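A short worksheet on the structure shown next.
Residue numbers (the UniProt record's numbering): 1 to 171.
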């Protein structure tokens, strides 16, 4: 998770591609490029859950007619939030990119989190294309001014975002 300071810096200095949509019961922050959307943060308040607000926010992005990419924590059956979150994205037509790996190291704790990449596409997008878009997001957004903000740099893109050929990922 990015710090609030990092997100504010992105909104200010990357305003051409980094956007925030905020309402009484939601916040969504996303990157929009010419050929994809990356959802960086999606929050729906507990009071508004189950009322279709998350679906409306995603539908608004889907109308842009570009692939949508996001990262989620793997399902942990002891953490019902991860189960609900994954079920929600599955219902919304998101697919788990089986061949794309994403490891995000916290500069604060040095802990490495393995995250799953989910995507929705209006066309027949390949997982390799999703991988390339995720690499672009990591380099332009996730590591933006990391040294200035945190005093050190995140891992290189090839360490953080990996691709395994689809036939190898199935094994």
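The beta-carbon is built from N, C-alpha and C at its ideal position, and this holds for glycine as well. Keep in mind it's a predicted model, so treat the numbers as computed, not measured.
Asked: Residue 130, enclosing alpha helix (DSSP H) - first and last residue; Found: 127 to 137
Asked: Short Cβ contact (8 Å threshold) for residue 66 with residue 35; Found: yes
Asked: Alpha helix (DSSP H) segment containing residue 47, residue limits; Found: Premise fails: residue 47 is in no alpha helix (DSSP H) and is neither H nor E.
Asked: For residue 103, three-class secondary structure by DSSP; Found: strand
Asked: Pairwise C-alpha distance: residue 121 and residue 27; Found: 22 Å
Asked: Exposed unless 16 or more other CB atoms sit within 10 angstroms - verdict on residue 97; Found: buried
Asked: For residue 113, three-class secondary structure by DSSP; Found: strand
Asked: Under the three-state DSSP convention, the category residue 36 falls into; Found: coil
Asked: Distance CB(residue 107)-CB(residue 150) smaller than 8 Å; Found: yes
Asked: Of the listed residues 129, 146, 103, 153, nearest to residue 161 (C-alpha basis); Found: 103
Asked: Sub-8 Å separation of residue 94 and residue 61 beta-carbons; Found: no
Asked: Simplified DSSP state of residue 23, which is helix, strand or coil; Found: strand
Asked: DSSP-derived helix/strand/coil call for residue 141; Found: helix
Asked: Rounded straight-line distance, which links the Cα of residue 137 to that of residue 127; Found: 15 Å
Asked: Neighbourhood of residue 58 by C-beta distance below 6 Å, restricted to the same chain and skipping five residues each side; Found: 92
Asked: 8 Å contact criterion, which residue 141 and residue 40 should meet: CB distance rounded; Found: 7 Å
Asked: Under 8 Å between C-beta atoms of residue 135 and residue 157; Found: yes
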